[in-house]
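Notes for the one structure printed next.
4 protein chains.
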Amino acid sequence: MTATQAAPARTAGKGRGTDHQASLIVQGDDTTGVVAGVASVLARHGANIVALDQYSDNPQGGSFFQRTVFSLDGLQARLPELRADLDEPAAKYGLTCTLRDLSVPKRMAVFASRSDHCLLDLLWRHRQGQLPVSIPMVISNHPDVAEEVRNFGIPFFHVPSAGTDKSAAEAEHLRLLKDNVDFVVLARYMQILSPGFIEQAGVPIVNIHHSFLPAFIGAGPYAKAKERGVKLVGATAHYVTEDLDEGPIIEQDVVRVTHADTTADLARRGADVERAVLSRAVLWHAEDRVIRDGNHTIVFA
Amino acid sequence: MTATQAAPARTAGKGRGTDHQASLIVQGDDTTGVVAGVASVLARHGANIVALDQYSDNPQGGSFFQRTVFSLDGLQARLPELRADLDEPAAKYGLTCTLRDLSVPKRMAVFASRSDHCLLDLLWRHRQGQLPVSIPMVISNHPDVAEEVRNFGIPFFHVPSAGTDKSAAEAEHLRLLKDNVDFVVLARYMQILSPGFIEQAGVPIVNIHHSFLPAFIGAGPYAKAKERGVKLVGATAHYVTEDLDEGPIIEQDVVRVTHADTTADLARRGADVERAVLSRAVLWHAEDRVIRDGNHTIVFA
Amino acid sequence: MTATQAAPARTAGKGRGTDHQASLIVQGDDTTGVVAGVASVLARHGANIVALDQYSDNPQGGSFFQRTVFSLDGLQARLPELRADLDEPAAKYGLTCTLRDLSVPKRMAVFASRSDHCLLDLLWRHRQGQLPVSIPMVISNHPDVAEEVRNFGIPFFHVPSAGTDKSAAEAEHLRLLKDNVDFVVLARYMQILSPGFIEQAGVPIVNIHHSFLPAFIGAGPYAKAKERGVKLVGATAHYVTEDLDEGPIIEQDVVRVTHADTTADLARRGADVERAVLSRAVLWHAEDRVIRDGNHTIVFA
Amino acid sequence: MTATQAAPARTAGKGRGTDHQASLIVQGDDTTGVVAGVASVLARHGANIVALDQYSDNPQGGSFFQRTVFSLDGLQARLPELRADLDEPAAKYGLTCTLRDLSVPKRMAVFASRSDHCLLDLLWRHRQGQLPVSIPMVISNHPDVAEEVRNFGIPFFHVPSAGTDKSAAEAEHLRLLKDNVDFVVLARYMQILSPGFIEQAGVPIVNIHHSFLPAFIGAGPYAKAKERGVKLVGATAHYVTEDLDEGPIIEQDVVRVTHADTTADLARRGADVERAVLSRAVLWHAEDRVIRDGNHTIVFA
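Protein chains in written order, with UniProt numbering: chain D, 1 to 301; chain A, 1 to 301; chain B, 1 to 301; chain C, 1 to 301.
If you want it as structure tokens, here you go:
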């Protein structure tokens, strides 16, 4: 794609992005009047609700989750006042309200290793205008994907991470990320992150990994799946927590395989699912469609 | 299943069915304050919103669609007053508000012919408590399924419909349906309904038919699909309008087939998709999850 | 369905059943000439090959699997001679040849407990002519489904199996099965079979169980899946071995769920997948499409 | 990806590519002895059959289709003799036998316009070693994708095709293709090919286009689908014939959409399906898995 090509128009998806739209995530105990309390503040400010999804996990004493997208002329100037006014229902009902200007894309760092299937899909979708994010950097423990990343006009940083002591690499990661990103995506990054890193990074981290029915633990999962004769291979995108690969699930999918697929075929089919699942998870995270609640997620997809 | 078996507990699905729940469908022009206006009335009555889905097809001057499920103690006694109070935002914003007590299941008549795959699936799901409907009658132009229907404890009426003049059959249908049903499901009913019947029946009619990519018009669609070598066969559930098979789509699905599938196999695979798609469409209609808007539908599934 | 209804024509699926067709399963080491050696015997007898699927897991010293369906006039009378002639390539190449007259349906016993979703689907497909099997008996540890089974004209046996000592129940099972069935299907039979029973039954046993990504071990899997926020629930059909739920997989599938699905919804969606997966597994087993090879399967679907 | 990266190992898929493998496609009338006749020739030459799929569309007087992959030491030197020996069963049974050395990848030209989703997916899979083809050229009527193509090390030719007279452009296409390619892929090439071009090109042409249930004819299909409220959008890959978009179908797939998806979303989801379907169709064509038979295909996937 040449430099002369016009920037693709921002895809206007489900309640996605114009200059005057904001998202409001409300979370708390479920009580009578919550929807009305919040909606009344928005109405008073003249905000027009574009999309609203609400979920209560139990009408008797459960939790309340709501995602609202609204449009409001002169949004940026009026956000502080709106935020202040939301304090009233928030205090009254014990809610957490998170308000975000959708015209400011989230800043996403991508970590990769040698495999480029997930990375390339993210970079391409970003260029197409399908992902409302900016990508200030791609970080890898290998130099392999440097040229590919830079062809997309994205900065690339090579941070080697060999050996058992990852502290130097992680210190470098933290230095690069600090104040520059809103979330991190591990696009088949093959290094384990330390609990300390996760805590200090201080931003959500989205990971993708292979999944099977039933699960196969440890190394060589595709070989084990082949041995057992599984008929489906899949992938799971989740938030990273200290429990490796056990964090809240954002999205999953599978693809059908047969006995005739070799272990290499399974890995290739699995890679196709991984990139599709990760792309959806990133889009939904970028659009504030995912609410974390302990170890599970509410996804207003 | 023996008479001694306890009635299955009503499956408590998404916002489904307790004694004190109601659904409220709101439809109209999209303007600022609609959500707050309606939610405030509910809050004033002490109603707790259990589920809320909202959709605007265009934030600038588009249409507004909202489905709310709420719980309210002593619901039945208080519905008239609530209904009256909703007149205020309805008038102010030009809305249509439809309020329904979810403890009263919709009454569903099923029309069938010789094929029983869709019919049986509906009867079985109803017995399982998966469909919040009552089934006052099954009507067929053939006697073949009579025993099967009555084994489920459902009344069966045989209304022959041979020949080109369907007026006697349709008159009998209307006599049976009158004031007894809230909607009709055509579960592979192989007779064409006249526009007059559709109008006089005066209730929504849900139909299921086979679908392909691309479409094959007319008789013998599976043979034509086989000839063209299609790789997917599918089914579409839709509301019946005067435009045969062209009414608003509720649900669709497909299944993969290969060259090795005979025409009979395609029809068998198609039948599997038909029963699955029709069951979902009936469930969603029964739960007020489908809003008609001209020739398309909003489905809050 | 009334007794006067004509028996449904046997669905003529992929290479499925006429009066003069047989299946031949060949299994052994992969060497040059195997296909030709077997095909030549068939050609010499004037057999016409209708379908042939072959798979070698490794062209250099791997295993060889082949399913052939052929038609041959006067098949039954000529099977013994054909079988004898196949001994020659079998001996020469070290093959196992299994020849079966497809006009004789396999005899299938179904074990069930209280849930009837898998059971009913099998009985209905059998009545439709979709499953080339006979069903001499349904056995259950509960009487609940007796009437439903007998409505299909199938014998039902109630064999209670309460308490920890299952030996009396298993002895009764063995007495009923002995020489009467070719395989057993556990259609949500909620009792664990002892290794002794599996061995003495001496026929393949097909089981269905729920599956998730990732797997959830033990009781209450749907509740655990709900807690973790899984986005897919599934089912696995497999042959029963002494390793509970770890036998060779025949078929798997999944369905998408969301945070809004209750634990009961997950179980209901899971049940839909279970009956679909089990039906396919039974069909493929009945048509000799599944070849076991250690702990995995070759499925020529 | 940098030049220092090692060439990816050729993925060893289903019967895919070693130096000594060939595919043999056999097509003709179905008669007794065909499988044995062909297999005997292979056995006599010491060829080891790696994969064999056979299909007869009717055991009584139907057509016969067979794909065999075999390995043979010193394949290239021995192909002429093997080809000559296959003439005997070919003549005897009236068969067409097509033998191809799998170590020689098919040469694929890609035609593209402005959209790069299908193009990029093919180039990336080719670089990954997932597609056993060489790509001597990409041709486009727009210069937009030139840099992207050349970044993959593939020659790019810009052949403008504006106006109604396409003869100059098609002459240039034919000049570029002549003797250089084995098949052509239209990766969202938005120009109509003339019947004369199709004939003179003389190689198979694979196309991809959007598909719906039901079909929407003409311009703006996604807008029409949106209006009708379709719940699935899909794509079809097919061979190009003189009947525009009506040629034999190779592969199809769909993806689920909802009322909340805008027309732009439908197009984006459709693009995801298009690239997946086209990649599979190209892989299968490249591996000789697709046999054309009039207006339908046998796909041994």
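Note that CB positions come from ideal geometry on N, CA and C, so glycine has one too.
Separation of residue j from residue i, as counted between CA atoms
i: GLY37 (chain B); j: GLU227 (chain D); result: 29 Å
i: HIS296 (chain A); j: LEU42 (chain B); result: 58 Å
i: ARG44 (chain C); j: VAL35 (chain B); result: 12 Å
i: PRO204 (chain D); j: LEU86 (chain D); result: 25 Å
i: ASP149 (chain A); j: ALA146 (chain B); result: Contrary to the premise, residue 149 (chain A) reads as Val rather than Asp in this sequence. Looking at the two C-alpha atoms, the distance is approximately 18 Å.
i: ALA7 (chain C); j: LEU244 (chain A); result: Note that ALA7 (chain C) scores 32 on pLDDT, short of 50, meaning its location in the model is unreliable; the coordinates nonetheless yield the value given after this. Cα-Cα distance, rounded: 58 Å.
i: VAL50 (chain D); j: VAL257 (chain D); result: 41 Å
i: ARG10 (chain A); j: GLN130 (chain A); result: Because the pLDDT of ARG10 (chain A) is 31, which lies under 50, any placement of that residue in the model is unreliable, and the question is left without a value.
i: VAL290 (chain D); j: ARG289 (chain A); result: 23 Å
i: ARG188 (chain D); j: ALA237 (chain D); result: 11 Å
i: GLY62 (chain B); j: VAL184 (chain D); result: 45 Å
i: ALA168 (chain D); j: SER115 (chain D); result: 23 Å
i: ALA301 (chain C); j: VAL69 (chain D); result: 45 Å
i: ASP57 (chain C); j: LEU52 (chain B); result: 12 Å
Among the options, nearest to residue i - alpha-carbon criterion
i: ASP179 (chain A); options: A:MET137, A:MET190, A:ALA90; result: A:MET137
i: ALA109 (chain A); options: A:ASN58, A:PRO59, A:PRO155; result: A:PRO155
i: ILE298 (chain D); options: B:ALA260, B:ARG125, B:VAL299, B:ALA301; result: B:ALA260
i: THR164 (chain D); options: D:VAL181, D:GLY247, D:ILE192; result: D:ILE192
i: ARG268 (chain C); options: C:ALA237, C:GLY247, C:HIS210, C:TRP284; result: C:HIS210
i: GLN128 (chain B); options: A:PHE70, A:VAL290, A:ALA271; result: A:ALA271
i: ILE208 (chain B); options: B:ALA91, B:CYS97, B:GLY33, B:HIS117; result: B:HIS117
i: LEU283 (chain D); options: D:HIS20, D:PRO132, D:SER167; result: D:PRO132
i: ASN141 (chain C); options: C:ASP253, C:LEU102, C:TRP124, C:HIS173; result: C:HIS173
i: VAL254 (chain D); options: D:VAL233, D:ARG175, D:ILE291, D:SER63; result: D:VAL233
i: ARG292 (chain A); options: A:TYR239, A:GLY62, A:LEU177, A:PRO143; result: A:TYR239
i: GLY229 (chain C); options: A:GLU242, A:PRO214, A:ALA219, A:GLU246; result: A:GLU246
i: MET190 (chain B); options: B:GLU88, B:PRO160, B:ASN151, B:ALA225; result: B:PRO160
Exposed unless 16 or more other CB atoms sit within 10 angstroms - verdict on residue i
i: ASP73 (chain A); result: exposed
i: HIS158 (chain C); result: exposed
i: GLU199 (chain A); result: exposed
i: VAL104 (chain C); result: exposed
i: LYS231 (chain B); result: buried
i: GLN252 (chain C); result: buried
i: GLU287 (chain D); result: buried
i: ARG67 (chain B); result: buried
i: THR96 (chain B); result: exposed
i: ASP19 (chain B); result: exposed
i: ALA201 (chain A); result: buried
i: ALA77 (chain B); result: exposed
6 Å CB neighbourhood of residue i in its chain, flanking five on each side removed
i: ARG107 (chain B); result: SER134, PRO136, VAL181, ASP182
i: LEU82 (chain D); result: HIS45
i: ASP121 (chain B); result: ARG275, SER279
i: ASP29 (chain D); result: GLY94
i: PHE197 (chain A); result: GLU170
i: TYR55 (chain B); result: PHE65, ILE298
i: VAL273 (chain D); result: GLY234, ALA235, ASP253, VAL255
i: ALA12 (chain A); result: At ALA12 (chain A), the pLDDT of 36 sits below 50, so the modelled position is not reliable and the matter cannot be decided from this model.
C-beta atoms of residue i and residue j nearer than 8 Å
i: VAL206 (chain D); j: ILE250 (chain D); result: yes
i: ARG100 (chain A); j: ALA22 (chain A); result: yes
i: SER71 (chain A); j: PRO59 (chain D); result: yes
i: ALA215 (chain A); j: PRO248 (chain C); result: no
Cβ neighbours of residue i in the same chain (closer than 7 Å, five flanking residues each side left out)
i: SER194 (chain C); result: LYS166, GLU170
i: ARG125 (chain C); result: LEU131, SER279
i: ILE217 (chain B); result: none
i: TYR222 (chain B); result: THR263, LEU266, ALA267, GLY270
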